[in-house]
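There are 4 protein chains.
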Amino acid sequence: MSQHFASDNYAGICPEALSALLEANAGHAPAYGDDDWTRRVADRMRSVFETDCDVYFVFNGTAANSLALASMCQSYHSVICHELAHVATDECGAPEFFSNGAKLLPTSSEASRLKPEDVTRLVEKRNDIHYPKPKVVTLTQATELGTLYRPEAIAAVSQRARHHGLKVHMDGARFANAVAALGVAPADITWRAGVDVLCFGGTKMGLPVGEAVVFFDRELSEDFAWRCKQAGQLASKMRYLAAPWLGMLQDDVWLRHAAHANAMAQRLSRGLVALGLRLIAPTEANGVFVDMPLALEEALRGRGWRFYNFIGGAARLMCAWDMQPETVDRFLVDVKELAASMGI
Amino acid sequence: MSQHFASDNYAGICPEALSALLEANAGHAPAYGDDDWTRRVADRMRSVFETDCDVYFVFNGTAANSLALASMCQSYHSVICHELAHVATDECGAPEFFSNGAKLLPTSSEASRLKPEDVTRLVEKRNDIHYPKPKVVTLTQATELGTLYRPEAIAAVSQRARHHGLKVHMDGARFANAVAALGVAPADITWRAGVDVLCFGGTKMGLPVGEAVVFFDRELSEDFAWRCKQAGQLASKMRYLAAPWLGMLQDDVWLRHAAHANAMAQRLSRGLVALGLRLIAPTEANGVFVDMPLALEEALRGRGWRFYNFIGGAARLMCAWDMQPETVDRFLVDVKELAASMGI
Amino acid sequence: MSQHFASDNYAGICPEALSALLEANAGHAPAYGDDDWTRRVADRMRSVFETDCDVYFVFNGTAANSLALASMCQSYHSVICHELAHVATDECGAPEFFSNGAKLLPTSSEASRLKPEDVTRLVEKRNDIHYPKPKVVTLTQATELGTLYRPEAIAAVSQRARHHGLKVHMDGARFANAVAALGVAPADITWRAGVDVLCFGGTKMGLPVGEAVVFFDRELSEDFAWRCKQAGQLASKMRYLAAPWLGMLQDDVWLRHAAHANAMAQRLSRGLVALGLRLIAPTEANGVFVDMPLALEEALRGRGWRFYNFIGGAARLMCAWDMQPETVDRFLVDVKELAASMGI
Amino acid sequence: MSQHFASDNYAGICPEALSALLEANAGHAPAYGDDDWTRRVADRMRSVFETDCDVYFVFNGTAANSLALASMCQSYHSVICHELAHVATDECGAPEFFSNGAKLLPTSSEASRLKPEDVTRLVEKRNDIHYPKPKVVTLTQATELGTLYRPEAIAAVSQRARHHGLKVHMDGARFANAVAALGVAPADITWRAGVDVLCFGGTKMGLPVGEAVVFFDRELSEDFAWRCKQAGQLASKMRYLAAPWLGMLQDDVWLRHAAHANAMAQRLSRGLVALGLRLIAPTEANGVFVDMPLALEEALRGRGWRFYNFIGGAARLMCAWDMQPETVDRFLVDVKELAASMGI
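Protein chains in written order, with numbering that gives the first Met the number 0: chain U, 0 to 343; chain D, 0 to 343; chain B, 0 to 343; chain E, 0 to 343.
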């Protein structure tokens, strides 16, 4: 099947992850994470983050976010998030389900980035017992609009959160793209900036399945293994979740792939702007969000391209780790031709 | 790592599943199950079961069982099960969690097999509103004690369940072993015998990850896709869960592997009996449950063997799809030597 | 303590309810609703509603709404409501808790009244499995803004809901005020207009504690007694919840008290308008919502009056069943004096 | 209706509670516990317990127990209890519901009293992540078998619990009967003996509705007000829950009523033993558990007596605060006559 911009999870397993998976497929191994691959990748993770964090592997991003949030709040608490956050828009109420009722308090601010004042406003809006009490702030890095938080922006939100007694969660479904684009150490945009728990995305990065939940505040991970097990998130053949991470995290493979995806997004973004289209958000990671007449979108789909329409009539174009420059260029040619033929 | 009898999930991916997985790793594919592999394996499943069932793929057996049970009852209902059932002993309260509180009503009957009279007894024990109302019976096939239900035994329980207004769930973590051992059609021990929902185990059969939830009573699967999504059980790169099933289900690969595992269990079982040991349950599928002095167990572990001690002081010895006769024989030699040296 | 406009639940038990409660306090009575008072009031309710409905008594409105909604949807479903609905703003996430995660989909429309087009818009906004599926519409009668739905307005919403496969719930915390103000039969604004379940408010009407959940669609009440019990909402000495309803429902006591409260709201409303203040919603039931400078609100509180500030800077002034005309008039005098002294 | 032995909740409101309720029914009062009665009774409770505990009022015992337990554990934890405990046998899965899945680990020991060794055995039985981790021990005082824990027996269990890192909960549905019978200070069988949270029963003691949750370990009550609100357990007209407690707690009214109930149970117990019947547990509080042929039970019911059959074929005979000696004596006469006529 040809390449698409619909989602970075349309892409397959990257070669390094696959090769680690195949290598792990030798003979018997203890189940439920009591194997060498799992131990090694957890250690590797601690070295990537330069700190003694607790690491757990779960099956997907919805579970990672929901279990992490549930470990940070009770059912009568609330979670401050951006209104475009994946937890709010695309997890079918999973955060509410896993926490048994915690409420999301969405806010809208520019470029899908939460600001300290959003936190304060929502904390101060209600503080009576008739409304869930704010307990967590969740940030997405890179955001659902393809933008990034700079380390100091994260630190500012975290500081404010702490001031109000809240914990800080980061949805890092595209964490690799953020680290690669910002050129910072992973620690700089996580625990050094006040993040308590990171959901580190593996699937979009090139794994077959699986995300890591990384606890920098290790008190929050008390009995988290039981939480995962009860929630149906403990893999019996854990080595197939763990080993691919090893392939990914060695020699900065993950960052090279992410940098490539980011570069493809830049190529696409520049191309679209050159064709006179307007971005609805700056292209900072691996997604391009561009204002596009619905008719043009339809015409592109007519030529076989798959991509999502975003809130408010923009096209969302995601570049995966395997996006080829030729694919980008073919897409741009199609846009150009169709736009011309439609008089756009 | 050498082979073990600890669990059939110590084994890796079988060649046919792996090759289907690798074949699926080509280019882009739509996410969340909207791909060809998923469609094809669901169709294949319908042909395996000779009926128009609904099929969903989830990550593991705990999730499969819990979501299936939750679709069959509400929080104030109860589930009749054998006291050795995996849902009762090894899922860390997942059935209670996913159903938001449904109670398990365990019963003990011979060879880990529920009987019609167990159902009636538990249904009639309490029928006031101060106790959860029975709504489902769950059977495990093959059972946690390595025994099997014959088609007519399942039908008898199902009939009784229906009589009391209950639904019937089957935990088929080792369904393949059961079908191979009984030499029946899959339909004969499921919907034809009154089973409403089957959790068809993939992992122990030789997949890397994933189980199928098969609804024969299709009214029960209403909105089940939403349930899976909310519960963190919808794989984005679904093809990696689905494709390996294709490799498994074609040309009866799954049954050949299961038959081999069963044969290895027979070889082991016969060998142990020949050494004078006593089985605590007949060896009917791929597990051998044998009375063994703890000292002998320890001595075997001292020689590097891994296996679990079962309730009441027996050894549980599971044979996976890849168990080699040489492994079985080496184990028997070690048992013989150690038993002799210990004067057993 | 003097009278206030803060909430209709600041008022005590009305004489007729109290006298029925005292009458019920004689000797022993079977527990958990198996008593005569409970049977009689359920029968009386069926006669009030002119239909064979199922009736359950629970402790408060939050529980009534949450349990009713939970009986109408699963955790992965959603409930369409007005953004000012009590379920959304004042129940601390109880609907999410009791349903184990169902999402509220709030909409804003004029005068706190949902319209058919709101239902359609929210149903059509998302229909993918990544977002909770709409399953229920909830209406509040009288609304949280003191307005009313006419029978035909309810019927229009219900019809639309049915068209989309949704059920209809009514939060009737102030149902009595609505019936009294509209001068209709209770059936006209409930089942005849398509309402499936009504939460009939007792506390604000003059009871000490307790609300009734009235199922017109009796399929929805299957095993509801178990649901109540499990949720901690089954009173052991049920007679003290039930008997007061008897006092209330005989000889239209409930409607006389509600009509009085409504009349007091009219008196207050007219008086405030005469003083030049502007209502933010028409006064149709027992609440007056009036634009009032915060300074004036504070000054009134300085004179000992208690009332809530409503979203957007209006005062919410509720009249209970026992509101005396003198209280209203004294309040108006204070408003007049303070406004004058403040040059408003 | 005549008096019965079915349950102590068949009795009505005692005069002192009623008179406090009526006194509280004067004019308006702030809602949701922000009233004087609630404050006064919480203060009174602190003086009764001679410590600075946190006190919350909820509607019934099922809710009190479930919310208290939920504040002490997470969904993947377990609660050690006696198999006859009300939480296990008569709350319809409420503890599992409110905690979103915590498992009860029942044990059977003599006279319905848990022992330190039960705690250790259950803690040590499983400690892997496939089984819920023990986190709380719950004791019932007086027990469901009408027996009592002496202060040192509670302290022994608490100490063991603490040793294993568990918290201690006490279900005190009949706490008054226990205090009255033991002649100890309330503190002696609660916090001084290591109890962290007590559910102090009001209903069976003579209130119309309502129980108190008393936190001696005040860290456990963090945000408990939110928990109650979300769980539908915050009364709007709280004064009607609170005020009756005031009537009860002044001048040791609660202990006098409880002592009377206990004395009636003694009278009944002695009478039954004198008639040759055998107790299945010593009569230590207000319940008598006596072996009784089913035919005799039926014959007694034929004469209009109501009482429950207990597990294993004994009659459970509860004496409420209002039980009259004449009722006891009439019952004994009926037993004597019927037994004689039946040749027992």
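From the three backbone atoms N, C-alpha and C, an ideal C-beta is built for every residue, glycine too.
Q: Can you give me the Cβ contacts of Cys227 of chain B inside the same chain, cut-off strictly under 7 Å, excluding the 5 residues immediately before and after it?
A: Tyr55, Val57, Leu66 and Leu233
(Q) Taking 8 Å as the threshold (C-beta atoms), are Val196 of chain B and His163 of chain B in contact? (A) no
Q) If you check the beta carbons only, do Cys91 of chain D and His129 of chain E fall under 8 Å apart? A) Result yes, Cβ atoms of Cys91 of chain D and His129 of chain E sit closer than 8 Å.
Q: Under 6 Å Cβ to Cβ from Ala141 of chain D, same chain only, skipping five residues before and after it: list those, please.
A: Leu147, Arg173, Asn176, Ala177 and Ala284
Q: Leaving out five residues on either side along the sequence, give the residues of the same chain with a beta carbon under 7 Å from the beta carbon of Pro94 of chain D.
A: Asn64, Ser65, Leu68, Val78, Val86, Ala101 and Leu103
Q | Pairwise C-alpha distance: Asn308 of chain U and Ala50 of chain D | A | A quick correction: the sequence has Thr, not Ala, at residue 50 of chain D. Their Cα atoms are separated by approximately 38 Å.
Q. Taking 8 Å as the CB-CB limit, is Ala62 of chain U close to chain D?
A. yes
Q. Going by the CB atoms, is the gap between Val252 of chain E and Ser268 of chain E shorter than 8 Å?
A. no
**Q.** Straight-line gap, Tyr239 of chain B to Asp290 of chain B (C-alpha atoms, nearest Å)
**A.** 40 Å
(Q) Cutting at 6 Å between CB atoms, please list the residues of its own chain near Pro243 of chain U, excluding the five before and the five after it. (A) Ala16, Ala19, Leu20 and Leu206
Q | Nearest candidate by alpha-carbon position, reference Phe48 of chain U, set U:Ala192, U:Gly145, U:Ala264 and U:Asn99 | A | U:Ala192
(Q) Rounded to whole angstroms, what is the Cα-Cα separation between His256 of chain E and Asp250 of chain E? (A) 11 Å
Q | Exposed unless 16 or more other CB atoms sit within 10 angstroms - verdict on Gly11 of chain E | A | buried
Q.
For a test of the three-state rule: what should DSSP assign to Phe174 of chain U, helix, strand or coil?
A. helix
**Q.** Interface residues of chain U facing Gly171 of chain E [CB-CB closer than 9 Å]
**A.** Result: empty, since nearest Cβ-Cβ is about 24 Å, beyond 9 Å.
Q: Taking only beta-carbon positions, decide if Asn59 of chain U is within less than 8 Å of chain B.
A: no
Q: Take Thr61 of chain E as the anchor and find which of E:Gly200, E:Gly246, E:Ala294 and E:Arg266 has the nearest alpha-carbon.
A: E:Gly200
Q. By how many angstroms is the C-alpha of Met204 of chain B removed from the C-alpha of Ala30 of chain E?
A. 14 Å
**Q.** Minimum length 4: unbroken alpha helix (DSSP H) runs contained in the region 109 to 195 of chain U
**A.** 115 to 124, 150 to 162 and 174 to 181
Q: Report buried or exposed for Ala310 of chain U, applying the criterion of at least 16 other Cβ atoms within 10 angstroms of its Cβ.
A: First, the amino acid is wrong: residue 310 of chain U is Ile here, not Ala. Looking at its Cβ environment, which holds fewer than 16 other Cβ atoms inside 10 Å, Ile310 of chain U is exposed.
Q | Whole-Å CB distance - Val156 of chain E paired with Leu113 of chain E, under 8 Å assumed | A | Yes, they are in contact, since the Cβ atoms of Val156 of chain E and Leu113 of chain E sit about 6 Å apart, within 8 Å.
Q) Could you give the residue range of the beta strand (DSSP E) that holds Tyr9 of chain B? A) Where Tyr9 of chain B is concerned, there is no enclosing beta strand (DSSP E), given that its DSSP letter is neither H nor E.
Q | Closest by C-alpha distance to Cys198 of chain U, when choosing among U:Asp42, U:Ser70 and U:Thr37 | A | U:Ser70
Q) By the criterion of Cβ-Cβ separation under 7 Å, what are the contact partners of Thr202 of chain U in chain D? A) The answer, in chain order, is Ser235 and Lys236.
Q: Taking a Cβ distance cut-off of 8 Å, strictly less, list which residues of the region 310 to 328 of chain B are near chain U, in chain order.
A: none
Q. Quick one: is Lys132 of chain B near chain D, going by C-beta distance under 8 Å?
A. yes
Q. Ordered along the chain, which non-local residues of its own chain (more than five positions away) have a Cβ less than 6 Å from that of Asn126 of chain D?
A. none
**Q.** One or two residues paired with Tyr31 of chain U in a DSSP bridge
**A.** Note: Tyr31 of chain U sits in no beta bridge, so no partner.
Q | Endpoints, the beta strand (DSSP E) within which Val212 of chain E is located | A | Where Val212 of chain E is concerned, the enclosing beta strand (DSSP E) starts and stops at Glu210 to Phe214.
Q. Who are the neighbours of Asn99 of chain U on chain B, taking C-beta pairs under 9 Å?
A. Glu95, Phe96, Asn99 and Gly100
Q: Give the DSSP-derived three-state secondary structure of His3 of chain U in the structure shown.
A: coil
Q) With burial defined as no fewer than 16 other Cβ atoms inside 10 Å of the residue's Cβ, what is the status of Asp344 of chain B: buried or exposed? A) Because chain B is modelled from 0 through 343, residue 344 of chain B falls outside the range shown and cannot be assessed.
Q: Kindly list the residues whose CB is nearer than 6 Å to the CB of Ala211 of chain E, restricted to its own chain and excluding five residues on each side of it in sequence; keep chain order.
A: Hits under 6 Å: Val54, Phe56 and Phe199.
**Q.** Neighbourhood of Pro324 of chain D by C-beta, 8 Å cutoff - its chain only, sequence neighbours within 5 removed
**A.** Met263 and Arg266
Q | DSSP three-state assignment for Met263 of chain B, whether helix, strand or coil | A | helix
Q. What residues from chain U crowd round Asp89 of chain B, counting only those whose CB sits closer than 8 Å?
A. His129 and Tyr130
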